[in-house]
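S.K.:
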Amino acid sequence: MALDPFYPIFDSADWLERLLPLGIKLVQLRIKDSDEQALRAEIRRARDLCARYRCQLIVNDYWRLAIEEGCDFIHLGQEDLDVADLKAIAEAGLKLGISSHDEAELDRALAANPDYIALGPIYPTILKKMKWEQQGLERLTAWKARIGDIPLVAIGGMSVERAPGAFAAGADIVSVVTDITLNADPEARVTEWIAATRGHMR
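Take the sequence shown: its position 200, counting from 1, is numbered 200 in the UniProt record's numbering, and each next residue is one higher.
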């Protein structure tokens, strides 16, 4: 299945309910620091919303809950790989996206046979503190040469204005968080993103 080139990430199903009707076709639910009952409820709600709007849902981190709630795609960071049961994930039929930041992490990600690989932060990001400097567009080109047909996601400091450069450098998908959630008009910004990325469908 081809993945949409526009890949927003939200921390609650409320965002999905608000913005999926605009035409988002690929979205990640990334929730931190919540109890299992609340997580399960959010995942279930996001799953149902994505089914309604024919959007591919990717659940961050919580692979057991994703399996139990009938989701079909998860994203794991490198720390998540330390504890995730990749065999159980594969046996459940879940697709898998993996974060990478350096060559060793890329090798580790490739060994897990992922359905996409994310590289970041491409630009400085305010979302979270990271030990890596900005990767830059050149590394996108190098990563794409390494991974071939595996979709490459550019993340970190991305904006509508920076997206064309990421695509030109080799990204297949651009992921965004704060450029939407901190925007004064998230709906208008999503509409801009969709218009700017639809021509990059694989």
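We put the CB at the ideal spot given by N, CA and C, even for glycine.
If you follow the beta strand (DSSP E) that TYR7 is part of, which residue opens it and which one closes it?
M.R.: The count along the sequence shown starts at 1 and reaches residue 7 at position 7. Note, TYR7: beta strand (DSSP E), 6-10.
S.K.: Helix, strand or coil: how does DSSP classify ILE98 here?
M.R.: Residue numbering aside, residue 98 sits at position 98 when the sequence shown is read from its first letter. In the structure shown, ILE98 sits in a strand (DSSP, three-state: E or B).
S.K.: Are GLY97 and ALA118 closer than 8 Å when you measure CB to CB?
M.R.: As a first step, residue 97 must be located in the sequence shown, where it is residue number 97. As a first step, residue 118 must be located in the sequence shown, where it is residue number 118. Yes, they are a contact pair.
S.K.: Closest to SER12 by CA distance: which of CYS55, ALA38 and PRO21 is it?
M.R.: Numbered from 1 along the sequence shown, position 12 holds the residue referred to as residue 12. Of the listed residues, the one whose Cα sits closest to SER12 is ALA38.
S.K.: Give a yes or no on contact between the stretch 1-21 and the stretch 162-182, applying the rule of three or more CB pairs nearer than 8 Å.
M.R.: Contact holds: three or more Cβ-Cβ distances are below 8 Å.
S.K.: Helix, strand or coil for LEU57? Go by DSSP, reduced to three states.
M.R.: Looking up residue 57 in the sequence shown gives position 57. If DSSP states are grouped into helix, strand and coil, LEU57 belongs with the strands.
S.K.: With DSSP as the reference, please indicate the residues paired to ILE74 in a beta bridge.
M.R.: Walking along the sequence shown from the start, residue 74 turns up at place 74. Bridge partners of ILE74: VAL59 and LEU96.
S.K.: Kindly indicate which residue of TRP193, LEU22, PHE167 and GLN134 has the alpha-carbon position closest to the one of LYS144.
M.R.: As a working note, residue 144 is residue 144 in the sequence shown. The shortest C-alpha separation from LYS144 is found at PHE167.
S.K.: I'd like the span of the alpha helix (DSSP H) that includes ILE194, first residue to last.
M.R.: Position 194 of the sequence shown, counting from 1, holds the residue named residue 194. 186-197 is the extent of the alpha helix (DSSP H) around ILE194.
S.K.: Can you give me the start and stop residues for the alpha helix (DSSP H) that ILE89 sits inside?
M.R.: Walking along the sequence shown from the start, residue 89 turns up at place 89. Segment 86-91, the alpha helix (DSSP H) holding ILE89.
S.K.: Between ARG52, LEU29, ASP33 and ALA51, which lies nearest to GLU42 when the distance is taken from Cα to Cα?
M.R.: Translated into positions along the sequence shown, residue 42 becomes position 42. Comparing Cα-Cα distances from GLU42 to each of ARG52, LEU29, ASP33 and ALA51, the minimum goes to LEU29.
S.K.: Taking the continuous alpha helix (DSSP H) assigned at ILE147, which residues delimit it?
M.R.: To locate residue 147, count along the sequence shown from 1; it is residue 147. First-last of the alpha helix (DSSP H) with ILE147: 137-147.
S.K.: Would you mind sorting VAL153 into buried or exposed? The rule is 16 or more other CB atoms within 10 Å of its CB.
M.R.: For this step, residue 153 is matched to residue 153 along the sequence shown. Per the 10 Å Cβ criterion, buried.
S.K.: Out of curiosity, what's the CA-to-CA distance linking GLN78 and GLU105?
M.R.: Position 78 of the sequence shown, counted from the start, is the residue given in the question as residue 78. Position 105 of the sequence shown, counted from the start, is the residue given in the question as residue 105. Their backbone Cα atoms lie some 7 Å apart in a straight line.
S.K.: Between THR122 and LEU140, which are expected to be in contact by the criterion C-beta below 8 Å, what is the C-beta distance as a whole number of angstroms?
M.R.: Locating residue 122 in the sequence shown gives position 122, counting from the first residue. Locating residue 140 in the sequence shown gives position 140, counting from the first residue. What sits at residue 122 in the sequence shown is Ile, not Thr. Confirmed, about 7 Å.
S.K.: Taking the alpha-carbon positions, what's the HIS75 to VAL83 distance?
M.R.: Here residue 75 corresponds to residue number 75 of the sequence shown, with the count starting at 1. Here residue 83 corresponds to residue number 83 of the sequence shown, with the count starting at 1. Those two C-alpha atoms are separated by around 13 Å.
S.K.: From ASP195 to LYS25, what distance separates their C-alpha atoms?
M.R.: What you label residue 195 is simply residue 195 of the sequence shown in a count that begins at 1. What you label residue 25 is simply residue 25 of the sequence shown in a count that begins at 1. Here the sequence assigns Ala to residue 195, which means Asp is not the residue at that position. Roughly 13 Å separates the two Cα atoms.
S.K.: Could you name the residues of the same chain whose beta carbon sits closer than 8 Å to that of ASN183, not counting the 5 residues immediately before and after it, in chain order?
M.R.: For the purposes of this step, residue 183 is taken as the residue at position 183 of the sequence shown. The residues are ARG189.
S.K.: Provide the residue(s) that pair with TYR123 in DSSP beta bridges, ordered along the chain.
M.R.: Within the sequence shown, the letter at position 123 stands for residue 123. Beta-bridge pairing links TYR123 to no other residue.
S.K.: Using only CA atoms, which one of ALA163, PRO186 and PRO21 lies nearest to PRO199?
M.R.: The sequence position of residue 199 within the sequence shown is 199, counting from 1. This sequence places Gly at residue 199; Pro is not what is there. When only C-alpha atoms are compared, the closest one is ALA163.
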